[in-house]
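Read in our numbering, the sequence shown has 30 at position 32, and its numbers run on one by one without any break.
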Amino acid sequence: MTEKKELRVFSGVQPTGNIHIGNYLGALKQFVQLQEDGKCIYCIVDMHAITVPKDPLVLRENILDVAALYLAIGIDPKKATIFVQSDVPGHAELSWMLTCSSYTGELSRMTQFKDKSRGNESAPTGLFVYPILMAADILLYDADVVPVGKDQKQHIELTRDLAIRVNNRFGDDTFVVPDGRYLKEGARIMSLDEPSSKMSKSAENELSRISLLDEDSKIKKAIMRATTDSDGEIRYDIENKPGVSNLLNIYSAFSGKSVADLEKQYEGCGYGTLKKDLVSVTIDALAPIKKKFEEVRHSSELEAILAAGAEQANEIAEVTVKRVKGKFGLGS
Ligand code: AMP
Ligand code: TRP
């Protein structure tokens, strides 16, 4: 019998501050679960963060914040590799080879680019080619599985298209074609004040999101003020009751209870009761994360973990870059 290859998992989060419960419930929670299932490589994608101008000192702090959050949510550096993207030159190298394998038409169709550039001529080129760098991140590590939120689905599809296109040209041993992994509850957490748009790190209204390190009083305020509707019934109905459905989704993802069970539990109750309970469920879920974050954020352990992670990541990346350069005929 042939030995089954170990599952390879790769994902990344941008170091842009305000990591929120959408990031956690959509992506980060899966990072922890998958540690038991295969070799996991989790990146802090700082090169993605500079697609829009960033204060260098703030960026540095945000990188360490995400690294500490990875540890705080339960990623174990003995089981998973944690590293910073720009510490591994292979990302930029492979990104160029993929850029030359991509079409401007397919990049123009990316909704994230369309939303962020809004047809503006001075939109940064980095925003336009961002999905190619993301494809390079994934393909560099021969990843089988990529745990992400649903908003990344289009980028994952592009990654697959690029991998298949290059494989058709140079052979199936060039790239592993990866699959996205999305959770049912949590895949798309919506903004608390405007439940028709997704919860985002950059929205102006602080009460639109709950960040993982928010104080209890802020968590309470954001949930108690969350937009609902006037029909008064606690029922999951994304189309007609997006606010209440979002609260049920968050509740379900944090508590492990199904949405159907929650609907039964809260039958005949008012929105105030649901919100009050969700406040305590959320506060209880985030308390251990905040505690661990404080312990590790300024420890010397953190930089050592990133240095070791970069070394492990580089080892894998160098092999891939060499292989793919060879396919293209690059190098001396
Ligand atoms: P980012 O911070 O944009 O790099 O996102 C990190 C991860 O969080 C990605 O896998 C996203 O798909 C996921 N994510 C971001 N916003 C949300 C949201 N509102 N709901 C669910 N997942 C999200
Ligand atoms: N584009 C992702 C986001 O905005 C972040 C990201 C960059 C990523 N490279 C990745 C996610 C590779 C998964 C795999 O959320």
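We put the CB at the ideal spot given by N, CA and C, even for glycine.
Check whether the Cβ of R186 lies closer than 8 Å to any heavy atom of ligand 1, and answer yes or no. Flag set: Cβ of R186 near ligand 1.
Report back the beta-carbon spacing between I221 and T280 to the nearest angstrom; my notes put them in contact at under 8 Å. About 7 Å separates the two Cβ atoms, so the contact holds.
Of the residues S100, F252, T225, which one's Cα is nearest the Cα of D159? In terms of Cα proximity to D159, the closest of S100, F252, T225 is S100.
Are the beta-carbon atoms of A141 and V294 separated by less than 9 Å? Against a cut-off of 9 Å, the Cβ pair of V294 and A141 comes out as no contact.
Can you name the start and end residues of the beta strand (DSSP E) that A78 belongs to? Looking at the DSSP string, the run of the beta strand (DSSP E) that includes A78 is 78 to 82.
Beta carbon of S198: closer than 8 Å to some heavy atom of ligand 1? Checking every heavy atom of ligand 1 against the Cβ of S198, one is found closer than 8 Å.
Alpha carbons only, please: which of L328, E309, N312, I303 is nearest the one belonging to L69? Among L328, E309, N312, I303, the Cα nearest to that of L69 belongs to I303.
Considering only C-alpha positions, which residue in the set G266, L96, V7, V56 is nearest to K323? Closest by alpha carbon: L96.
For D53, is the classification buried or exposed, using 16 other Cβ atoms within 10 angstroms of its Cβ as the cut-off for buried? So D53 ends up on the exposed side.
The alpha helix (DSSP H) enclosing P240, as first and last residue numbers: P240 -> alpha helix (DSSP H) spans 240 to 253.
Going by DSSP in three states, H153 sits in which element: helix, strand or coil? In this structure, H153 counts as helix in the three-state DSSP scheme.
With a CB to CB cut of under 6 Å and the five nearest residues on each side skipped, what residues in its chain are close to M132? Contacts found: H153.
On the criterion of 16 or more Cβ atoms from any shown chain inside 10 Å, does P193 qualify as buried, or is it exposed? P193 should be labelled buried.
Report whether the distance from the Cβ of V7 to the nearest heavy atom of ligand 1 is below 8 Å. V7 Cβ: outside cutoff for every heavy atom of ligand 1.
Going by C-alpha to C-alpha distance, which of N21, V50, C98, S9 sits closest to S189? It is N21.
Pick out whichever of E91, I130, L32 has its Cα sitting closest to the Cα of T49. The option with the nearest alpha carbon to T49 is I130.
Tell me which same chain residues have a C-beta within less than 7 Å of the C-beta of D235, skipping the five on either side of it? Cβ within range, chain order: S243.
Since V144 sits in a beta bridge, which residues does DSSP pair it with? For V144, which the question treats as bridged, DSSP gives the partners G178.
Tell me whether V322 sits in a helix, a strand or coil according to DSSP, three-state version. Here DSSP, grouped into helix, strand and coil, assigns V322 to helix.
How far does the alpha helix (DSSP H) with V257 in it reach, from first residue to last? From DSSP, the alpha helix (DSSP H) with V257 extends over 257 to 263.
Environment of M(-1) [buried if 16+ CB atoms lie within 10 Å]: Reliability fails at M(-1), whose pLDDT of 49 lies under 50, so the model's placement of it is uncertain and no value is given.
Could you check if L131 belongs to the surroundings of ligand 2, using beta carbon to heavy atom distance under 8 Å? The answer is yes for L131.
Where does M188 sit, in a helix, a strand or coil, going by DSSP? Secondary structure at M188: strand, using DSSP grouped into helix, strand and coil.
Just curious, the alpha helix (DSSP H) that K290 is in, first and last residue? According to the DSSP assignment, K290 belongs to the alpha helix (DSSP H) that extends over 269 to 295.
Reference Q150, options K218, K196, V64, closest by Cα: In this structure, K196 is the residue among K218, K196, V64 with its C-alpha nearest to the C-alpha of Q150.
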